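S.K.: Encoded as C-alpha cells, here's the structure I'll be asking about.
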Amino acid sequence: MIWRSVVGKLWVTILLLVSVVLFILTVLLTQFVERYHDEQAEQQLTKLAQKMVELVEHYDNREEALRISSELVDAYSLNAMFIMDKKEYYSPTPRKNEEPDLPVKVFFKNDSLASVYKKGNKVVKKGDFPVMSNGKEKHNRLLIVGRPFKMENGKTGGVYIYQSLENIAESTNYTKRLIFLSAGIAIILTTIFAFFLSSRITAPLRKMREAASHMARGEFDMKVPMLTHDEIGELAMAFNRMGRQLKNFITALNQEKEQLSGILSSMADGVITFDRRMSILVSNPPAERFLQAWYYEQGMDRNKDKTVPDQLTELFENVVTLEKEQYIEIDIQGRSWVVLMTPLYNQSYVRGAVAVLRDMTEERRLDKLRKDFIANVSHELRTPIAMLQGYSEAIVDDVAGSKEEEKEIVKIIHDESLRMGRLVNELLDLARLEAGQMKLHPVIVSVTEFFERVVRKFYGIAREREIELTLDINTDGTARLDPDRIEQVLTNLIDNALRHTAGSGKVSIRVGSAGQGLKIEVTDNGSGIAEEDLPFVFERFYKADKARTRGKKGGTGLGLAIAKNIVVSHSGTISVHSKLNEGTTFSIFLPLSVEE
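The numbers in the sequence shown follow the numbering used here, run straight up by one, and end at 601.
So, in C-alpha cells, the structure goes:
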C-alpha cells in the first residue's frame with residue numbers, strides 16, 4: 006500500500022498540494038483570459054469607433070470620411086455600419102444581392118439613435134444575434150460597439166463596429182490551451198520532482214529502518230551513512246551514536262549478567278529469586294539441586310510442575326506481608342536446609358523476594374560427630390579409669406589375699422594404663438594428621454621387600470587363629486613413601502581383618518600397579534560391615550558394634566580414621582566395599598612418588 010510508505014505519503018501529499026494549487030490557478034487564469042480578451046476587443050472597437058466618429062464629425066466630405074473609416078475597419082479586419090440621415094453605409098460594402106450581416110433592427114428596437122445621442126453613451130452589445138443573409142435568417146455571436154456623432158451641419162448619425170465572438174473565442178481557447186498544457190507539464194514535472202525529492206529525503210530514513218531492524222536482532226555494528234549535513238544527517242549521526250551507546254550498554258549488561266551468573270554459579274549456597282506472583286526468576290545450581298530433591302520426594306516432574314515447597318510459599322507470604330526477612334529450616338531427602346528469605350523492593354512496594362538456601366547437613370553432621378566424639382572419648386576413658394581406680398583401691402585396702410592375686414591386679418592396672426596410653430597417642434596422632442602438623446619422611450623402598458616384611462608379622466597370629474593369610478605382589482618396582490606410616494595403615498587393616506575373620510577363614514593382600522601408583526587391596530571373608538555403617542567406618546569412634554565390644558578385641562575406634570588421614574597425606578585414596586557375613590575389601594591407591 007502506498008500509504009504505508011513514507012515515500013508514497015510524501016509523494017502523494019506534494020502532488021495533491023501542487024494539483025490543488027494548479028487547479029485553482031488554472032481556473033482563475035482562464036476566467037482572467039476570457040475577461041481580458043473581451044475587454045481588449047471592446048476597447049479596440051471603442052477606440053476605432055471613436056476615431057471614425059472624429060473623422061465623420063470633422064470632415065466636410067462625407068464620402069471621404071466614409072472611405073477613410075472603411076480603410077481603418079479593413080485594416081483591423083472588422084465590420085462597420087454608418088447611419089447617416091437614416092441611411093445605412095456598410096464596410097466592407099456588401100456584394101450585390103446580399104444583405105449586410107448586421108442586426109440593425111435589433112439595435113433600433115432596443116437602443117434608438119435618439120436615446121443614444123441624448124445620453125451621449127456608447128452602445129455595447131454581446132451575444133447571439135439574428136442576421137439576414139441571402140434572404141435567410143442566421144445567428145451569429147457578435148460583439149457590437151456603437152457611437153453616436155453629430156456633424157457640423159447639425160445632422161446626426163451613428164457608427165457601429167462589430168466583431169465575431171468566435172474570433173475572440175479562438176484567441177481565448179488558444180490561451181486556455183497554453184494554460185492547460187503548462188499545468189499538465191507542471192504536474193508531470195511536479196510528479197517526477199516529488200518522487201525524486203521524497204526518495205532522496207527518505208533514503209536515509211530507509212537506511213535507519215534497516216539499521217533499526219538489525220539492532221532489534223541484536224546487531225549493533227550497523228551504521229547509517231551520513232549523506233547530507235542537514236537535520237537528516239544530524240539524525241543519522243545521533244542514530245549511530247545511539248547504536249554505539251546501546252552496544253556499550255548491552256556489553257556492560259552482559260558482563261554484569263555473566264559476572265552475576267558466575268557469582269551465583271560459584272556460590273556454595275543456593276539462591277532463588279521470586280517475583281510478586283512467586284514465579285522463579287533466577288536460580289543457581291545448589292538451588293536447583295534443592296528443588297530437584299523436593300520434586301523427587303514429591304514424585305513430580307520438574308519440567309512440568311513449577312510449584313515450590315509449601316514451606317517456601319508460607320515463608321514468602323510472611324515476607325511480603327511483614328516486609329522483613331524470615332528464615333526456616335527444611336529437611337528434604339535426608340539433608341537439612343536453612344532458608345533465609347529477604348524482600349525485594351521496587352521503589353515503594355515489595356516486588357518479590359530472594360531466598361538463600363544453605364545446606365547445613367555437614368554442619369549438623371559435624372556437630373553430631375563432635376558430641377559423639379566427646380561421648381565416645383568419655384566412654385573409652387571411663388572404663389579403664391574405673392578399673393584403675395577399683396584395682397588401686399583393692400591394693401590400698403589390701404584386698405589381695407596373696408602375692409599372685411596382687412600381681413594379677415597390678416598386671417590389669419598396667420594393661421589398662423597401656424590401653425589409655427594407646428588411646429591418647431592415637432588421638433594425638435589423629436589431631437596432628439588432621440591439622441597437617443605431622444610431617445612425612447618418604448624414602449625409596451622396594452615394594453616386594455616392604456610388603457613381605459609387614460605381612461610377615463601376622464603369620465604367627467594367623468596360624469594361631471587358623472586363618473589363611475596370603476600375599477600377592479604383581480610388581481617388582483620401587484615406591485617413594487613414608488614406610489612407617491604406611492606400615493601403620495597396613496597393620497591396622499590386616500589386624501582388623503584377622504580379628505573379624507573366624508577360624509578357617511581367609512585374608513589376602515594384593516599389591517599391583519595402577520597407572521602412576523600402587524593399588525593395595527586387603528580382603529577377608531569375615532563378618533563384614535552392614536550397608537548402613539559403610540559411609541561412617543572412617544569416622545572417629547564410630548561404633549559398628551553397637552554394644553561397644555571392641556574393647557574386648559583391643560580396638561580403640563580410631564585406627565581407620567588415622568589410616569584414612571595417612572593415605573590422604575600421601576595424596577592417595579582409600580575406600581571400602583563390604584557385604585554383611587560375606588567379607589570386606591579395603592582398597593588403597595598410593596602414588597609412586599610422595600612429596601615431603
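For glycine and all other residues, C-beta sits at the position ideal for the given N, C-alpha and C. Only a predicted model underlies this, so the values are computations on that prediction, with no experimental measurement involved.
Report all residues from its chain with a CB closer than 8 Å to the CB of Leu251; omit the five preceding and five following residues, and keep chain order.
M.R.: If we look at Leu251 and ignore the five residues flanking it on each side, its Cβ neighbours are Met220 and Phe225.
S.K.: If you count every other CB in all the chains shown that lies within 10 Å of the CB of Ser203, and 16 or more means buried, which is it?
M.R.: Label assigned to Ser203: buried.
S.K.: On the premise that Val78 lies in contact with Ile184, defined as a C-beta separation below 8 Å, what is that separation, rounded to the nearest angstrom?
M.R.: About 32 Å separates the two Cβ atoms, so there is no contact after all.
S.K.: Does any residue of chain B bring its CB to less than 7 Å from the CB of Glu409?
M.R.: Checking the listed chains, one finds no chain B in this structure; it contains a single protein chain.
S.K.: So for Asn351, helix, strand or coil by DSSP?
M.R.: Looking at Asn351 - three-state DSSP - the assignment turns out to be strand.
S.K.: Cα-Cα, which of Val516, Ala399 and Glu59 is closest to Asp481?
M.R.: Comparing Cα-Cα distances from Asp481 to each of Val516, Ala399 and Glu59, the minimum goes to Val516.
S.K.: Is Ala174 closer than 7 Å to Thr31 when the C-beta atoms are compared?
M.R.: Contact: no.
S.K.: Could you have a look at Gln521 and say whether DSSP puts it in helix, strand or coil?
M.R.: Here Gln521 sits in coil by DSSP.
S.K.: Assess, as a yes-or-no matter, whether the segment 201-215 is touched by the segment 14-32 under the definition of 3 or more beta carbon pairs within less than 8 Å.
M.R.: Judged by Cβ distances under 8 Å, the segment 14-32 makes contact with the segment 201-215, as three or more pairs qualify.
S.K.: Per DSSP, what are the beta-bridge partners of Ile514 in this structure?
M.R.: DSSP output for Ile514 lists Leu476 and Val527 as bridge partner(s).
S.K.: Which residue's Cα is closest to the Cα of Ser532: Asp500, Ala507 and Leu539?
M.R.: Comparing Cα-Cα distances from Ser532 to each of Asp500, Ala507 and Leu539, the minimum goes to Ala507.
S.K.: Between which residues of its own chain and Leu60 is the CB-CB distance below 6 Å, once the five residues before and five after are set aside?
M.R.: Around Leu60: Ala70, Ile73 and Ser74.
S.K.: Apart from the five residues just before and just after Ile206, which ones in its own chain have a Cβ nearer than 8 Å to its Cβ?
M.R.: Cβ within range, chain order: Leu15 and Ile237.
S.K.: Could you tell me the alpha carbon to alpha carbon distance between Thr195 and Thr35, rounded to whole angstroms?
M.R.: Distance between the alpha carbons of Thr195 and Thr35 is about 21 Å.
S.K.: Assuming Asp280 is part of the beta strand (DSSP E), what are its boundary residues?
M.R.: Start and end: Gly275 to Asp280.
S.K.: Could you tell me which of Ile499, Leu563 and Ser509 sits nearest to Ser592, measuring between CA atoms?
M.R.: That would be Ile499, whose Cα lies nearest to the Cα of Ser592.
S.K.: To the nearest angstrom, report how far apart Leu345 and Asp489 are at their CA atoms.
M.R.: Distance between the alpha carbons of Leu345 and Asp489 is about 49 Å.
S.K.: Are Ala358 and Pro348 touching if we call contact CB-CB under 7 Å?
M.R.: Yes, the pair counts as a contact, with Cβ atoms nearer than the cut-off.
S.K.: Mapping the DSSP letters down to three states, classify Gln338 as helix, strand or coil.
M.R.: The answer is coil: DSSP assigns Gln338 none of H, G, I, E or B.
S.K.: Using the Cα positions of Glu411 and Thr475, report the straight-line distance between them to the nearest angstrom.
M.R.: Roughly 43 Å between the two C-alpha positions.
S.K.: What does the Cβ neighbour count give for Ala54, buried or exposed, with the cut at 16 atoms within 10 Å?
M.R.: Looking at its Cβ environment, which holds 16 or more other Cβ atoms inside 10 Å, Ala54 is buried.
S.K.: For Phe37, count neighbouring C-beta atoms within 10 Å of its own C-beta (all shown protein chains included) and say buried if the count is 16 or more, exposed if not.
M.R.: Looking at its Cβ environment, which holds fewer than 16 other Cβ atoms inside 10 Å, Phe37 is exposed.
S.K.: What does the Cβ neighbour count give for Asn530, buried or exposed, with the cut at 16 atoms within 10 Å?
M.R.: It is buried - the Cβ of Asn530 has at least 16 other Cβ atoms within 10 Å.
S.K.: Suppose contacts are defined by Cβ-Cβ distances below 7 Å. Is Val313 in contact with Val355 by that definition?
M.R.: It is not a contact, given that the beta carbons lie outside the stated cut-off.
S.K.: Going by CA-CA distance only, name the one from Gly13, Ala191, Val129 and Leu565 that's closest to Ala208.
M.R.: Comparing Cα-Cα distances from Ala208 to each of Gly13, Ala191, Val129 and Leu565, the minimum goes to Gly13.
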